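J.: Can you keep this structure in mind? I'll have questions shortly.
Number of protein chains: 4
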Amino acid sequence: MSRFAGRAGPIRLGMVGGGQGAFIGAVHRIAARMDGHFELVAGALSSTPETARESGAALGLAPDRIYDDFETMARREARLKDGIEAVAIVTPNHLHFAPARAFLRRGIHVICDKPMTATGAEAKKLAAEAAKSDALFVLTHNYSGYPMIRQARAMVAEGFLGRLRGVQVEYVQDWLATPVESQGSKQAEWRTDPARSGAGGALGDIGTHAFQLAAFVTGEAPEAVSADLTSFVTGRRLDDDARVLLRYASGAKGALWCSQVAPGNENRLTLRVYGEDGGLEWSQENPERLVATRLGEAPRLMTRAVAGPEATRLQRVPSGHPEGYLEAFANLYAEAAAAIRAAREGAAAPAGTLFPDVGDGLAGLRFVEACVASAKRDGRWTALS
Amino acid sequence: MSRFAGRAGPIRLGMVGGGQGAFIGAVHRIAARMDGHFELVAGALSSTPETARESGAALGLAPDRIYDDFETMARREARLKDGIEAVAIVTPNHLHFAPARAFLRRGIHVICDKPMTATGAEAKKLAAEAAKSDALFVLTHNYSGYPMIRQARAMVAEGFLGRLRGVQVEYVQDWLATPVESQGSKQAEWRTDPARSGAGGALGDIGTHAFQLAAFVTGEAPEAVSADLTSFVTGRRLDDDARVLLRYASGAKGALWCSQVAPGNENRLTLRVYGEDGGLEWSQENPERLVATRLGEAPRLMTRAVAGPEATRLQRVPSGHPEGYLEAFANLYAEAAAAIRAAREGAAAPAGTLFPDVGDGLAGLRFVEACVASAKRDGRWTALS
Amino acid sequence: MSRFAGRAGPIRLGMVGGGQGAFIGAVHRIAARMDGHFELVAGALSSTPETARESGAALGLAPDRIYDDFETMARREARLKDGIEAVAIVTPNHLHFAPARAFLRRGIHVICDKPMTATGAEAKKLAAEAAKSDALFVLTHNYSGYPMIRQARAMVAEGFLGRLRGVQVEYVQDWLATPVESQGSKQAEWRTDPARSGAGGALGDIGTHAFQLAAFVTGEAPEAVSADLTSFVTGRRLDDDARVLLRYASGAKGALWCSQVAPGNENRLTLRVYGEDGGLEWSQENPERLVATRLGEAPRLMTRAVAGPEATRLQRVPSGHPEGYLEAFANLYAEAAAAIRAAREGAAAPAGTLFPDVGDGLAGLRFVEACVASAKRDGRWTALS
Amino acid sequence: MSRFAGRAGPIRLGMVGGGQGAFIGAVHRIAARMDGHFELVAGALSSTPETARESGAALGLAPDRIYDDFETMARREARLKDGIEAVAIVTPNHLHFAPARAFLRRGIHVICDKPMTATGAEAKKLAAEAAKSDALFVLTHNYSGYPMIRQARAMVAEGFLGRLRGVQVEYVQDWLATPVESQGSKQAEWRTDPARSGAGGALGDIGTHAFQLAAFVTGEAPEAVSADLTSFVTGRRLDDDARVLLRYASGAKGALWCSQVAPGNENRLTLRVYGEDGGLEWSQENPERLVATRLGEAPRLMTRAVAGPEATRLQRVPSGHPEGYLEAFANLYAEAAAAIRAAREGAAAPAGTLFPDVGDGLAGLRFVEACVASAKRDGRWTALS
């Protein structure tokens, strides 16, 4: 039983990172707010104190809940009677580990952006911390919040594909096609900086999403990879394009392609999975549709209207009224809220509650590091140990 | 200057209708909450007192802000120091007029679902009330909140089409293909009941959306209609399918088709407009895309990434991260918030603020009544006087 | 038994019209040749003798089989031992009737382009001629040759839709968006000239295709129309845009839109039909796909791979290898060939043989004339008597 | 100058293979006939004499032009006054080399199906034969006959992409998802038999198409491959799925995936190419459309209507009237015809004439063999020497 047992109303949330000019922090705030499950009450929104203050004020935080650093915030909020029950960590990759550990150690639930950490070593340590903590750790691989992805996962689990044979997953963008990191793009700056991003560029930023999505849907993760990483833009220090072959213990094969330099692609995350008996295809830019084909039959254009409860239990509006990126993100927050409320009373999350966690985070880092290792050895097949 | 001048934080919002089991009330609440512009603090959520109470409690309203009827709510909230500044009216059509008038008369801004009223006579009276009131009247023709619809409107205004020639607008569903109104669907019950819906069935429920959308984008409204209305489902008392030809003063021609009995259509609202020099095509079920063709050139697949500020000023996430129905709805709430905040200080809404209002509502009722009149006279061309 | 009984090899074909610069004549020739069923051996290819000669020579016709006029050709070929067994008539509309009659009277099978004639009076007379003749009359409403249209027709016949409720058919182009008829386009010249086209412009040229296609698939033809015809281009003497409401004896309703002035549309012929139990959607520009939805189920993307024998009996390559416009056209020639070969022996065409005939042609002219009459009376509902 | 100098009329064509029950032979015959450029007059249609006779008779060949074997045919036709000028070779892969050599040595032009031979050694020898012969060698990589592929190639050549960065090419089917080769499918039997297909299964059958298409459009061929080959169906002796990473001398990277066991894919050949400045996307199942994006602009949906002369010079009908697989195939025959007619007079083919030749064939076999070698060494990068 937590000290919040019996509480009503929205869950009190803090945020680390996400100050003015940030992208993903605002997304987390909308996702947290959309269904009324969370209320943002505290923040260490920037490592620059002035920005932290201004950002907090703009968000309507009480002045004494605006912190200059996450350590102070963790320490103080843990003692406040109405302190935060959960925290969203939305900093660059290299600043996930320390705050996540600090809050987990104080029993405050962590909702952390991906990739989980900047290095595999950190990821391992964080996994150990999470295992010791009573607090929950939720990793926002938000694409797994899409209803039709839930539907795909459920169909695979029920045997729609039969034995898995092939996985094609791609996450393709074009916003880094030119050296925008040297032209004032803050978003590009840290993502192309090994000190802040870790060993993977596109691989860490979007490749981990693709990797997680494929595993989430198929229920299988590759055991080995063969990778070819490229930095197409002159002077870029991390990969902006990665082509990876995948091998599964089951005998399935796959390919993952992520790129941030392919003109005409905004945020094209697509997943295609094929088995002995059927195939499933989904695209993030048209996320309400899942194409499902049983071998020998016509493809079916599935939407939420014909999907099962795994897909529709979190929906807000009927099929035909498009839910998108923010709703999928908010679905993870809704899952987190359900788990947090159950945890207050010492209970397990309600049946069906589903969110990426420290295991997904660890797998993601292993994937990045295996790809980097493979690429360094000219594509040698490398185990995801 | 309003009594709320200088206030900070979210706008206090009340709600009429939208109790448990309702559909559109929940949508309004999410839309109001998404960007943090509004805070729901009061409600007359149902005409059944018990449902009103339970619904209010479930939403976390203070017990003394849960009302049995909108009259009491309007009267009391107008006097409270922290009373509501705006109200959302989300009742069936026949219950729009009276509460809208009550709140407008007390200077409380009204955000009202469509169609504006059940009859043209009410619409006229409400228009007069709105003209007399200092309060704003916002009509939630939510599809006009989609970014790419804003883009289309801007392009038409800038002359992309040249002189308008043709308008094809459709709003097609299939959820009323069987007599669900006699099988327990509350949503279907009132929509097929002339006493609650008014003279139009599909025409009022979705035809008015299609009509408004076409006018919103083209900047032109037809001057006359020729309509063929059908009730395909046995025993249904209102049209569930309407085919309407349109004539514009400019010489343009059009067709509007709305149906709720066409299998395979969930919520297919599509708009195609053509002029001397170009064409534009948009579909609500894939709302992030606008196909724009200059005569003789290749169609361009426009997204927010290449759209102008009219489309993107309200966006929350970059193009490629799909925004959908709820975001479009929330855009109208964001527009309303901007206008309300300006109105507090006696100022006009910020440049570019755009929402459907009493004029759109009046036009919608005129459209419904002209169609009904035309249909009764076997399709005779009937003016939208 | 015909004088060609027992003959082997391709059917000897003549052609009226289709000289150099013509469009549809070349299409007929490819369609006739594609499957090896016909061999072009004679022609009255142009009313200008010199063009007739040059065109015939270019096509490799023997000099004595190149005619200056169809009358001579009909008379002489009927007497030749190796004379033509069939003739393709590919002249402008006003020049269909006389040659069709001439060949029918001589027992030579006629394959005639659409619309069947320029006027309803001619159509009636031609129908009478065809009834008296032993020769076949095939009308090339070529879109009814598409495999997935055959599939749609079969599904409707088998009850997939249940009772028909709605028909939406459109045929939209943009090539007449400007006055190209005064800028040297021969194709546009005669199509916009009442003396050569008849009373319908877009209506006759493409509206008749749309009308026929809807009837072909649904098995029902409207009993009355209400039409609004427009000539958008200044100085044009025939409609370039027609919006028509349809009423069926069964209670079904429909709308037909044809336009040649809608930018961004090349040759967009689309058909959507809805019934109590299901819906079907097809588009000519992506003709290998039929979207079939049973009410309450996911839409199925049908291709030839899952279609029945009605769709696939004429296919040349497996599904996935796109067949298009020319193959659909050639399918009608293949049907004609089967019927002609059967007719030689006095037999009926093989089971399943299906092509538009004089009945379709007559219905098309009635449709055009009813629309023109309705439009003249401001859209009054007008019977297709 | 050839012995056919000055001849008029269709080119006399022979065929090796393509007897009853064959697939690609019929396709070649339609392609040859479609535009009237060729006339089939001789054939060694089957290695079974009886089938050869029956097939020849069914095709209307004169009895003395039906041969039991290609050797006799080559010898005799070369001497006939009206002997064949070209031959189509449509046998299984292992039976390409010998007849191709036989006809080339007699100065008879060869139109050969792909892959060019069963082994790289044969390919090399055939290349040498072709170099020595006056006769043309045309390899029917038919997908390079699609107009929008020609357009893509022209755009790349004109610099639309800027420097090439990425190539994604896929050719995916599902017809071999089960062991149909042991269930009576003749087509599957030889394609899964190393003795008849060569070292590649899917790789040879469809992978070579994908490889050639990418090179045709980009003008670059990879210098090395890393391949993972799989035989998913139990007992199958050749790959039915191949995932291949590509490296180009220019620094570009790519991936090629071919599979014949992915449910829901009929004949999905897709090509996407990206460069510094733009991207192009094309899909064989919707071949009339090319999506072209300049970095930072909206994607354009190009069709033949807006394409250049490289795309449209062979078209038969205007854009919007879909041309498909057979037309693309016939385009190669049209190219071959133009080259053959020019060769008669000792002239070069007309400017713009473009068809895959012995170089493409050699490159395809090198690709197959490099992939097989790479796969055997666990994906080691292997040069396409």
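Chains as they are written, first to last, in the numbering used here: chain E, 961 to 1345; chain H, 961 to 1345; chain V, 961 to 1345; chain U, 961 to 1345. Heads up, the beta-carbon is just placed ideally off N, CA and C, and yes, glycines get one too. Every value quoted in this text rests on a predicted model; they were computed, and no experiment measured them.
1) Can Asp1199 (chain U) and Ser1191 (chain U) be called in contact, C-beta distance under 8 Å?
2) Between which two residues does the beta strand (DSSP E) carrying Thr1190 (chain V) extend?
3) Helix, strand or coil: how does DSSP classify Trp1150 (chain U) here?
4) Starting from Val1047 (chain H), trace the beta strand (DSSP E) both ways and give me its first and last residue.
5) Using the DSSP secondary-structure output, state which residues sit across from Thr1253 (chain E) in a beta bridge.
6) Pick helix, strand or coil for Tyr1027 (chain E), following the three-state DSSP scheme.
7) Mark Pro1023 (chain V) as exposed unless 16 or more other C-beta atoms lie within 10 angstroms of its C-beta, in which case mark it buried.
8) Looking only at its chain, what residues have a beta carbon closer than 6 Å to the beta carbon of Arg1196 (chain V), apart from the 5 residues adjacent to it on each side?
9) Assess contact between the region 1087-1102 of chain U and the region 1240-1251 of chain U, defined as three or more Cβ pairs (one per stretch) separated by less than 8 Å. Is contact present?
10) So is Pro1310 (chain U) buried or exposed if we call it buried at 16+ other beta carbons inside 10 Å?
11) Using 8 Å as the threshold, is the C-beta distance between Ala1170 (chain U) and Tyr1131 (chain U) below it?
12) Quick one: which residues of the region 1246-1270 of chain V get their C-beta closer than 8 Å to a C-beta of chain U? List them in chain order.
13) Below 7 Å between beta carbons is the criterion; list the residues of the region 1189-1207 of chain V that meet it against any residue of chain H, in chain order.
14) Rounded to the nearest angstrom, what separates Phe1289 (chain H) and Ala1058 (chain E) at their Cα positions?
15) Report yes if the C-beta distance between Ile1068 (chain H) and Ala1046 (chain H) is below 8 Å; otherwise report no.
16) Can you give the Cα-Cα distance for Leu1005 (chain E) and Ala992 (chain H), rounded to whole angstroms?
17) Please report how far the alpha carbon of Ala1298 (chain H) lies from the alpha carbon of Glu1037 (chain H), in whole angstroms.
18) Is it the case that the Cβ atoms of Ala1162 (chain H) and Ser1219 (chain H) are separated by a distance below 8 Å?
19) Is Pro1009 (chain E) buried or exposed, if buried means 16 or more other CB atoms sit within 10 Å of its CB?
20) Rounded to whole angstroms, what's the CA-CA distance from Glu1245 (chain H) to Pro1107 (chain V)? Just pull it up for me.
21) Could you compute how far the alpha carbon of Pro1075 (chain H) sits from the alpha carbon of Leu1136 (chain U)?
22) Identify the continuous beta strand (DSSP E) that holds Lys1213 (chain V) and give its terminal residues.
23) Can you pull the chain H residues whose beta carbon is under 8 Å from the beta carbon of Gly969 (chain E), in chain order?
24) Within the 8 Å Cβ cut-off, does Pro1223 (chain V) reach chain H?
25) Please list the partners that Ala1330 (chain V) has in chain H, where partner means a Cβ-to-Cβ separation under 9 Å.
26) With 8 Å set as the bound, which would you pick, yes or no: does the beta-carbon of Ile990 (chain H) sit closer than that to a beta-carbon of chain E?
27) Do you know how far the Cα of Gly979 (chain U) is from the Cα of Gln1275 (chain V)?
28) Have a look at U:Ala986, U:Ser1104, U:Pro1247 and U:Gly969 and flag the residue whose alpha-carbon is nearest the alpha-carbon of Gly1277 (chain V).
29) Quick check on the burial criterion: 16 or more other C-beta atoms within 10 angstroms. Buried or exposed for Asp1188 (chain U)?
30) Who does Val1204 (chain U) pair with in a DSSP beta bridge?
31) So, is Pro1182 (chain H) buried or exposed, given that buried needs 16 or more other C-beta atoms within 10 angstroms?
32) For Gln1128 (chain V), which residues does DSSP report across the bridge?
33) Relative to chain H, which residues along the region 1106-1125 of chain V have a C-beta separation below 7 Å, given in chain order?
34) Does DSSP put Val1332 (chain U) in a helix, a strand or coil?
35) When you check each C-beta in the region 1288-1305 of chain U against every C-beta of chain E, which residues fall closer than 8 Å?
36) Note down, in chain order, each residue of its chain lying with its Cβ closer than 7 Å to the Cβ of Phe1030 (chain E), except the 5 sequence neighbours on either side.
T.: Reading from the atomic positions:
1) By 1-based counting over the fourth sequence, the position of residue 1199 (chain U) is 239. By 1-based counting over the fourth sequence, the position of residue 1191 (chain U) is 231. Going by C-beta atoms, Asp1199 (chain U) is nearer than 8 Å to Ser1191 (chain U).
2) The count along the third sequence starts at 1 and reaches residue 1190 (chain V) at position 230. It spans Pro1182 to Thr1190 - the beta strand (DSSP E) in which Thr1190 (chain V) sits, taken as one unbroken run.
3) Position 190 of the fourth sequence, counted from the first residue, corresponds to residue 1150 (chain U). Trp1150 (chain U): helix per DSSP, three-state reduction.
4) Position 87 of the second sequence holds residue 1047 (chain H). Ala1046 to Ile1049 is the extent of the beta strand (DSSP E) around Val1047 (chain H).
5) By 1-based counting over the first sequence, the position of residue 1253 (chain E) is 293. According to DSSP, which records beta bridges pairwise, Thr1253 (chain E) is partnered with E:Gly1239.
6) Translated into positions along the first sequence, residue 1027 (chain E) becomes position 67. Note: Tyr1027 (chain E) maps to coil in three-state DSSP.
7) Against the third sequence, residue 1023 (chain V) aligns to sequence position 63. That one is exposed.
8) The residue labelled residue 1196 (chain V) in the question sits at position 236 within the third sequence. Around Arg1196 (chain V): Thr1152.
9) no
10) As a working mapping, residue 1310 (chain U) is identified with position 350 in the fourth sequence. So Pro1310 (chain U) counts as exposed.
11) On the fourth sequence, position 210 is the one that residue 1170 (chain U) refers to. On the fourth sequence, position 171 is the one that residue 1131 (chain U) refers to. In terms of Cβ geometry, Ala1170 (chain U) and Tyr1131 (chain U) form a close pair [threshold 8 Å].
12) Asn1246, Pro1247, Glu1248, Thr1263 and Ala1265
13) Flagged, chain order: Thr1190, Phe1192, Asp1201, Arg1203 and Leu1205.
14) As a first step, residue 1289 (chain H) is located in the second sequence; it is residue number 329 there, counting from the start. As a first step, residue 1058 (chain E) is located in the first sequence; it is residue number 98 there, counting from the start. So the two alpha carbons sit approximately 39 Å from each other.
15) Translated into positions along the second sequence, residue 1068 (chain H) becomes position 108. Translated into positions along the second sequence, residue 1046 (chain H) becomes position 86. Result yes, Cβ atoms of Ile1068 (chain H) and Ala1046 (chain H) sit closer than 8 Å.
16) By one-based count along the first sequence, residue 1005 (chain E) stands at place 45. By one-based count along the second sequence, residue 992 (chain H) stands at place 32. About 25 Å.
17) To locate residue 1298 (chain H), count along the second sequence from 1; it is residue 338. To locate residue 1037 (chain H), count along the second sequence from 1; it is residue 77. Going by the C-alpha atoms only, they are around 22 Å apart.
18) Translated into positions along the second sequence, residue 1162 (chain H) becomes position 202. Translated into positions along the second sequence, residue 1219 (chain H) becomes position 259. Yes; because the gap between Cβ atoms is below 8 Å, this pair is in contact.
19) Here the question's residue 1009 (chain E) lines up with position 49 in the first sequence. Classification for Pro1009 (chain E): exposed.
20) Taking the second sequence and counting its residues from 1, one reaches residue 1245 (chain H) at position 285. Taking the third sequence and counting its residues from 1, one reaches residue 1107 (chain V) at position 147. Going from the Cα of Glu1245 (chain H) to the Cα of Pro1107 (chain V) covers about 28 Å.
21) For the purposes of this step, residue 1075 (chain H) is identified with residue 115 of the second sequence, where counting begins at 1. For the purposes of this step, residue 1136 (chain U) is identified with residue 176 of the fourth sequence, where counting begins at 1. Each residue's Cα considered, the two are about 56 Å apart.
22) Taking the third sequence and counting its residues from 1, one reaches residue 1213 (chain V) at position 253. Here the beta strand (DSSP E) through Lys1213 (chain V) covers Lys1213 to Ser1219.
23) In the first sequence, residue 969 (chain E) corresponds to position 9, counting from 1. Chain H residues near Gly969 (chain E): Gly1020.
24) In the third sequence, residue 1223 (chain V) corresponds to position 263, counting from 1. Chain H, which has a Cβ nearer than 8 Å to the Cβ of Pro1223 (chain V), makes this yes.
25) Locating residue 1330 (chain V) in the third sequence gives position 370, counting from the first residue. None at all; the shortest Cβ gap to chain H is about 14 Å.
26) By one-based count along the second sequence, residue 990 (chain H) stands at place 30. It does; some Cβ of chain E falls within 8 Å.
27) The count along the third sequence starts at 1 and reaches residue 1275 (chain V) at position 315. The count along the fourth sequence starts at 1 and reaches residue 979 (chain U) at position 19. Taking the straight line joining both Cα atoms gives about 18 Å.
28) In the third sequence, the residue the question calls residue 1277 (chain V) occupies position 317. Residue identity differs from the one stated: residue 1277 (chain V) is Val in this sequence, not Gly. Here the closest residue by C-alpha is U:Ala986.
29) What you label residue 1188 (chain U) is simply residue 228 of the fourth sequence in a count that begins at 1. Classification of Asp1188 (chain U): buried, given that the 10 Å Cβ count is 16 or more.
30) Along the fourth sequence, read from residue 1 onward, the residue named residue 1204 (chain U) stands at position 244. Partner(s): U:Ala1187 and U:Leu1216.
31) Against the second sequence, residue 1182 (chain H) aligns to sequence position 222. Buried is the call here.
32) Position 168 of the third sequence holds residue 1128 (chain V). DSSP output for Gln1128 (chain V) lists V:Ala1215 and V:Arg1232 as bridge partner(s).
33) Arg1125
34) Taking the first residue of the fourth sequence as 1, we reach residue 1332 (chain U) at position 372. Three-state DSSP puts Val1332 (chain U) in a helix.
35) none
36) Position 70 of the first sequence, counted from the first residue, corresponds to residue 1030 (chain E). Excluding sequence neighbours, Phe1030 (chain E) sits near Val976, Ala1004, Pro1059 and Ala1062.
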